[in-house]
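Student: For the sequence shown, the numbering used here gives the first residue as 183, with consecutive numbering after it.
Even glycine gets a Cβ: it sits at the ideal position worked out from N, Cα and C.
Just so we're clear, the structure is a prediction, and the values are computed from it rather than from any experiment.
Here it is, the structure, as structure tokens.
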Amino acid sequence: MSTTTPNPAPAGEIDSSRYFWAPGLEARAADFAFGLGAGDYLEFGVYDGSSFIQAYHAQRYAHQKALKQYGFLMSDQVRANQERIWQTRRFFAFDSFEGLPDVKGPDQNGPFKRGDYSCSLDTVRTNLATAHVDLDRVSFIKGWYQDTLTPSTREAHRMQSAAIVHIDCDLYESAKVALNFITPLLQDGTVIIFDDWFQFRGHPQKGEQRAFREWLVTVPGWIATEYHKEGTWRNSFIINRRLDEA
Ligand SMILES: C[S@@+](CC[C@H](N)C(=O)[O-])C[C@H]1O[C@@H](n2cnc3c(N)ncnc32)[C@H](O)[C@@H]1O
């Protein structure tokens, strides 16, 4: 296995539109998040980096496209602010890089087993670099979620807010820990993508669906609106701050 990373091409020469599917959720979330302002991208369940690469380039492209189409309407200050939003967005990759943990509780006897989707961190790093993802902006958080998804991780990385969250860790227990981790990072308009919403034959008491429903009741200050679905398994939501309605 190679541990070297290829020489990246000059950033300006890379055509990000080659790296993601234009009608897909990564692209829609990227366009939506362009209007949000600050916030990072957090992916829980990275495997070989395929969706991470898509997310990075979809967001880069959304930024470039918006400036190209509407930049002439923007004041220097607005334009500089949009540049800053993109330049300061960070990309967090959370994974064991050893595949799935033991499958417990409601998810037993389903399609997943321990060790599925195992891919080493070295390989993921190489895959991202080959696809011209700027590794200086990526933080790899390696380990089991019960160990890594802690307040000290948020503090160590000075995490403030999430623009887009991708939950692709398949299992109820993993998704629940991931959702608890992002609670302090929510902002009005955070997009959450669930890659495996309709796994387990679409059963709402298993997997990511169950984790999301249980988590939502623990965050009464926030409401969720279903956003786009994609393909066989995926779904997404926009999270908003609940208004005090007298
Ligand atoms: C389906 S794969 C992710 C696929 C990836 N997003 C893509 O589309 O290329 C699921 C990943 O979740 C990770 N995972 C699930 N539960 C985890 C846990 N509790 N701790 C760490 N990693 C976990 C596995 O290691 C695996 O890489």
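Report the start-end ranges of each beta strand (DSSP E) in the stretch 273–338 that is 3 residues or longer and not cut off at the edges.
Tutor: Runs found: 273–277, 320–324.
Student: Taking one C-beta from the stretch 253–266 and one from the stretch 356–374 each time, how about it: are there three or more such pairs within less than 8 Å?
Tutor: Flag = no, the stretch 253–266 and the stretch 356–374 do not touch.
Student: How big is the Cα-Cα spacing for R395 and E195?
Tutor: One C-alpha to the other measures close to 43 Å.
Student: Measuring CB to CB, does R319 end up less than 7 Å from F273?
Tutor: Yes; because the gap between Cβ atoms is below 7 Å, this pair is in contact.
Student: Quick one: what does DSSP say R424 is sitting in, helix, strand or coil?
Tutor: Correct three-state label for R424: coil.
Student: At what residues does the beta strand (DSSP E) containing Y243 begin and finish?
Tutor: Taken as a continuous stretch (DSSP letters only), Y243 belongs to no beta strand (DSSP E), being part of the alpha helix (DSSP H) at 232–252.
Student: If you draw a straight line from the alpha carbon of T305 to that of D230, how long is it in whole angstroms?
Tutor: Roughly 7 Å between the two C-alpha positions.
Student: If you draw a straight line from the alpha carbon of Q342 to that of G221, how long is it in whole angstroms?
Tutor: If I take the Cα positions, the gap works out to 7 Å.
Student: Could you check the C-alpha separation between K250 and A244 for me, to the nearest Å?
Tutor: Distance between the alpha carbons of K250 and A244 is about 10 Å.
Student: Look at the alpha carbon of H339 and the alpha carbon of R383, and state the distance between them as a whole number of angstroms.
Tutor: H339 and R383: Cα-Cα distance of roughly 37 Å.
Student: Report back the beta-carbon spacing between Y201 and H239 to the nearest angstrom; my notes put them in contact at under 8 Å.
Tutor: Confirmed, about 4 Å.
Student: For Y354, report the span of its alpha helix (DSSP H) as first-last.
Tutor: Start and end: 354–364.
Student: With distances taken from CA atoms, which of W326, G206, N263, V359 is nearest L218?
Tutor: Cα-wise, what sits closest to L218 is N263.
Student: Specify the secondary structure class of F394 as computed by DSSP and reduced to three states.
Tutor: Helix.
Student: Specify the secondary structure class of I346 as computed by DSSP and reduced to three states.
Tutor: Note: I346 maps to strand in three-state DSSP.
Student: Which residue marks the beginning of the beta strand (DSSP E) containing I405, and which one marks its end?
Tutor: Looking at the DSSP string, the run of the beta strand (DSSP E) that includes I405 is 404–408.
Student: As a quick exercise: from G253, T400, G227, pick the residue whose alpha carbon is nearest that of G297.
Tutor: That would be G227, whose Cα lies nearest to the Cα of G297.
Student: Quick one: does the C-beta of S302 sit closer than 6 Å to a heavy atom of ligand 1?
Tutor: No, the beta carbon of S302 sits no closer than 6 Å to any heavy atom of ligand 1.
Student: Taking 7 Å as the cut-off, decide whether the C-beta atoms of L224 and H410 are in contact.
Tutor: Not in contact: L224 and H410 (Cβ atoms no closer than 7 Å).
Student: Below 6 Å, is the gap between the Cβ of G227 and the nearest heavy atom of ligand 1?
Tutor: It does: the Cβ of G227 is within 6 Å (strictly closer) of some heavy atom of ligand 1.
Student: May I ask you to verify whether the stretch 325–335 touches the stretch 414–427, counting CB pairs closer than 8 Å and requiring at least 3?
Tutor: In short, these stretches do not touch, since the Cβ pair count stays below three.
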